[in-house]
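S.K.: Residue numbers (numbering that gives the first Met the number 0): 0 to 834.
C-beta atoms are modelled at their ideal positions from N, C-alpha and C, and glycine is treated no differently.
Since this is a predicted model, take the numbers as computed values, not measurements.
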Amino acid sequence: MLPIDDFIPQIQETLSQHSALVLQAEPGAGKSTAVPLSLLGAPFLKGKKIILLEPRRVAVKSIAFYLAKLLGEKVGQRIGYQIRNERKISADTVLEIVTEGVLTRRLQNDPELSDVGLIIFDEFHERSIHADLALMLALEVQQAYRDDLTLLVMSATIDTTLLSDYLNHAPVIKCPGRTYPVEVEYSSNTQRYLDQQVMRALNTVFNETTRGDILIFLPGQGEIKRAIQLAKQQLGSSLDLLPLYGGLSLSQQELVLSKSSGSQRRVIFSTNIAETSLTIEGISTVIDSGLEKVLSFDVKSGLSRLQTTYSSKASATQRAGRAGRLQRGRAIRLYSEAKHQRLNDFQAEEITNTDLSSLVLDLAAWGITTFAEVNWLTPPPEHHFDVACSLNRVLGLLDAQNKITKQGTRALKMGLEPRLASMLLSCQSTLEKRIACILAALLSERDILFNAESSDIVERAMLFSDYLVNRKSLKTNRNLNIGVVDQVVTLAKSFAKSLGLSTLGDPVSLFDLSHYAGALLLTAYPDRLAKIRSTESNRYLLSNGRGVTLREMDSVQGEPWLVVCDCDGKNKDGHIYSCAAVSILQIKTVLAEQLIENNHYALDAKKEKVIGRKKLTYRALVLEEQLLSEIPDNEFAQCVADLLKQEGLTFLNWTNRCASWLARVKWLSTVMADFPQISETTLIEQLDNWLLPYIGKVKTIKQLRQLNITDLLMATLTWEESQTLASQAAEFYEAPSGKSITIRYDQQQGPTVAIILQEMFGQLDSPMLANNTVPIRFELLSPARKPIQTTSDLANFWCTSYFDVAKDMRGRYPKHRWPEAPLLELPGRSIKKRK
């Protein structure tokens, strides 16, 4: 008896009266198996089928075989399934178990789903982008064509309010879960490395219990392999140590899920693939690292980065529940209870942080071309939507209005991501199609190599081609993941069929693979062309401006141009995982319509001259360039303008007199409102008016620096303005001693003259500037040229403070003149005349 059994009548009754239902059933309730079976032949279906969606292929097959066994039938009779390239469905099938992508394709091909009465979305809490899209399209079908179509959304942990509102206030049924309690423990483990933490928890379990299998949740394949290796070293061969992750073949995954027939205690090291849907018999203990790997999409670079993050509280609940499915259980979390309380309640929706190019193409096929038209359950960032539209336009799958093109419709029917579909459809010859099918299949699955030292996809394509004719000999290659290779073979044959090829044909030669691969991949990844930074480097620059890096001693290292199929999205120099070399001729052919040819001019600092180059560019990359023998006058002038905007006016022959002139003009404009306002900024902005027209014969920086800038500056003023400047902001002050001294103009202190005091005898008062409104400020200096008094009122100074200054200075400078009657003294040298 399952917990869900008591709720079956309520579920049946609710579905017969409502168009949608949200079912929240805790782990172990039996919703994935009992609910679909209980609804077979329900009156509200009116003889129509049920489609059950599962997030993973292995779950699809596992549930299909289990349900068929319960009915005493073979799969393909009343219970059928369909995953990519595998289908077991007959005319008798009334329950089809499929992956989410399969339903999306079916909705695109048959929007009315005329033979379907109920769609069940299982484990919806995972919130994959495919599940979100499938639910949105199904809701559209229900509202536009099929008011008799019923939707059932199921999950153990989900935001029921959000879903109920989205489904037009659908009713919610909540069901308790497992029949066996699970004791949850938290670890205060301080071990630095995760595999050591796992081993400590394992040893604790072995010391306390002798029965029951153990399920360990780890974030990824690498952590699983390291943990298994350490377990083998420390625990010996008394245990059956099994990996479980998406990179394994379906047959390998199914082996782990099947009931153990041996006497050995099993320890299963799994990613979150075992978190939901799958019941692994015999599990009594779960060890949860609390970690998972999540793809983080960088919209600027178009790259994704696999990041290790803490899972959510909902995931922790799901994981712990694996231990209580069939017996009393125990869950050990390798983190503190305080840390658990800080976890997010639910996982982040995939749609908010992933590449939307496939989604956008699906929506366009549905007639939706703008962000605002979409009935989002959870909206992604709108900019991500725009970027995805842009990529599809570049690939030729959408037109300028984001409407799907004929090529886009063909691409959609292939069930591939837009990039790879575009590559397949670009092929002309049979040989190109065969190679493209191999490349697309390799890129659609996990790497066929274990511990690969090279990122060259051509090497993998060559191995694949050899495998088609030498399977027996290559199956002994320990570095080859045979399970993945077999999946690639199935995919490649499927792609070949979609292109009208009856077979993949004879093995493709290394020459042909090397010749065609780069050009074909460039049609799929036009934004990931990469140029080597230097001939001895493993560092490359992508066409989007982002840096990437090859492994040391990678077989493609030194290739001048690469097409990068896969790399991580690190902010600086992410690692390349998959790529192919491409020639400059192929680049110019494939990207012909996107290349830009321009002349570029720049200052060569060492030669102090402007150098011109004719450049062929693609986005951030320079493909070709050549020196230009002549620099047009207008281009040289523009380079001068750019240079001065960067370096400033002092790069020119900027003398003290230039600086003085500009200071006078700036000051005078502050005290006389009708005088022109000129500054360093306005001079830079108006180079076209006062400088550039006069450098026609200038060809080098040396000649530029020989220009008389003072004369050019003075020419910016009219004759009347120049006269006003000369009289109201004089350049020099004629002292009583006969000396001509430059007046220093300061925006705060005003016009200032620094002069030895004795040279001012005879100057009874302060001269005035700016139409007699501003007196000159004097810095009166000692014989040592140190300031001793500052004044803008000489008349007052001679009558008052002078006497204090003189008294003090006589003691310091007894040989110099400090007369008692300064107004009667003649100007001149400060030192006394000898008697």
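Between T208, T209, I213, which lies nearest to V197 when the distance is taken from Cα to Cα?
M.R.: Residue I213 is the option with its Cα nearest to V197.
S.K.: How big is the Cα-Cα spacing for Y144 and M135?
M.R.: Approximately 14 Å between the Cα atoms of the pair.
S.K.: Who are the Cβ neighbours of G29 in its own chain at under 8 Å, not counting the five residues just before and after it?
M.R.: Excluding sequence neighbours, G29 sits near L1, P2, I3, D4.
S.K.: Extract the residue ranges of the beta strand (DSSP E) inside the stretch 128–216, only unbroken runs of 3 or more that lie entirely within it.
M.R.: You should have 149–154, 171–174, 181–185, 212–216.
S.K.: Determine the burial state of F370: buried for a count of at least 16 other Cβ atoms within 10 Å of its Cβ, exposed for fewer.
M.R.: It is buried - the Cβ of F370 has at least 16 other Cβ atoms within 10 Å.
S.K.: Grab the span of the beta strand (DSSP E) containing Y539 for me, first residue to last.
M.R.: Looking at the DSSP string, the run of the beta strand (DSSP E) that includes Y539 is 538–541.
S.K.: Based on DSSP bridge pairs, tell me the residues matched to L779.
M.R.: The partner list for L779 (beta bridge, DSSP) reads I754, Q788.
S.K.: Got a sec, what are the start and stop residues for the beta strand (DSSP E) E95 sits in?
M.R.: Where E95 is concerned, the enclosing beta strand (DSSP E) stretches over 94–98.
S.K.: Within 10 angstroms of the Cβ of D361, are there 16 or more other Cβ atoms? Answer buried if so, exposed if not.
M.R.: Buried, by the Cβ-count rule.
S.K.: I'd like the ranges of any alpha helix (DSSP H) spanning at least 4 consecutive residues and lying wholly in the stretch 568–592.
M.R.: As far as the stretch 568–592 is concerned, its whole alpha helix (DSSP H) runs of at least 4 residues are 583–589.
S.K.: From T772 to F674, what distance separates their C-alpha atoms?
M.R.: Cα-Cα distance, rounded: 15 Å.
S.K.: Please report the distance separating the alpha-carbon of G544 from that of I531.
M.R.: If I take the Cα positions, the gap works out to 13 Å.
S.K.: Which of helix, strand or coil does DSSP assign to N707?
M.R.: Three-state result, N707: coil.
S.K.: Where does M713 sit, in a helix, a strand or coil, going by DSSP?
M.R.: Three-state result, M713: helix.
S.K.: Does DSSP classify F449 as helix, strand or coil?
M.R.: Reduced to three states, the DSSP call for F449 is coil.
S.K.: Per DSSP, what kind of secondary structure is D398 in: helix, strand or coil?
M.R.: Of the three classes helix, strand and coil, the one that applies to D398 here is coil, per DSSP.
S.K.: Since I128 and L498 should fall inside the 8 Å C-beta cutoff, what is the C-beta to C-beta distance between them, to a whole number of angstroms?
M.R.: That belief does not hold up - the Cβ atoms of I128 and L498 are roughly 27 Å apart, past 8 Å.
S.K.: Name the residue from C436, A451, S257, K665 whose alpha carbon lies nearest to the alpha carbon of S464.
M.R.: Closest by alpha carbon: C436.
S.K.: Give the single residue among Q81, S554, S536, R527 whose Cα lies nearest to the Cα of F64.
M.R.: It is Q81 whose Cα lies nearest to the Cα of F64.
S.K.: According to DSSP, is E125 helix, strand or coil?
M.R.: E125: helix per DSSP, three-state reduction.
S.K.: Measuring CB to CB, does K831 end up less than 7 Å from R816?
M.R.: Their beta carbons are under 7 Å apart, which means K831 touches R816 by this criterion.
S.K.: Starting from C638, trace the beta strand (DSSP E) both ways and give me its first and last residue.
M.R.: Counting along the chain, C638 falls outside any beta strand (DSSP E), though it belongs to the alpha helix (DSSP H) covering 632–646.
S.K.: Quick one: what's got a C-beta closer than 7 Å to A439's C-beta in the same chain, skipping five residues either side?
M.R.: Contacts found: L415, L419, M422, L423, F494.
S.K.: Leaving aside the five residues before and after A491 along the sequence, list all residues of the same chain whose C-beta is less than 7 Å from its C-beta, in chain order.
M.R.: The answer, listed in chain order, is C436, I437, A440, L503.
S.K.: List the endpoints of the continuous alpha helix (DSSP H) containing Q406.
M.R.: Q406 -> alpha helix (DSSP H) spans 405–412.
S.K.: Closest to P26 by CA distance: which of S454, A753, Y179 is it?
M.R.: When only C-alpha atoms are compared, the closest one is Y179.
S.K.: Could you name the residues of the same chain whose beta carbon sits closer than 6 Å to that of E623, not counting the 5 residues immediately before and after it, in chain order?
M.R.: Excluding sequence neighbours, E623 sits near L615.
S.K.: For V285 versus A169, is the C-beta spacing smaller than 7 Å?
M.R.: Not closer than 7 Å, so no.
S.K.: Specify the secondary structure class of K496 as computed by DSSP and reduced to three states.
M.R.: Residue state, collapsed to three classes: helix.
S.K.: List the endpoints of the continuous alpha helix (DSSP H) containing R418.
M.R.: Segment 417–424, the alpha helix (DSSP H) holding R418.
S.K.: Can you name, in chain order, every residue of its own chain whose Cβ lies under 6 Å from the Cβ of I677, other than the five neighbours on each side?
M.R.: Answer for I677: V664, listed in chain order.
S.K.: Provide the residue(s) that pair with S303 in DSSP beta bridges, ordered along the chain.
M.R.: BP columns for S303 point to F296.
S.K.: Relative to the C-alpha of L561, which residue among T548, L643, K571, K412 is closest?
M.R.: Taking only the C-alpha atoms, the option nearest L561 is T548.
S.K.: Which one of A347, D121, N391, G407 has the shortest CA to CA distance from P378?
M.R.: Nearest C-alpha to P378: A347.
S.K.: Looking at I272: is its Cβ nearer than 7 Å to the Cβ of R321?
M.R.: Cβ distance not < 7 Å, so I272 and R321 don't count as in contact.
S.K.: Considering only their Cβ atoms, is the gap separating V563 from A860 smaller than 7 Å?
M.R.: The requested residue 860 does not occur in the structure, where the chain is confined to residues 0 to 834.
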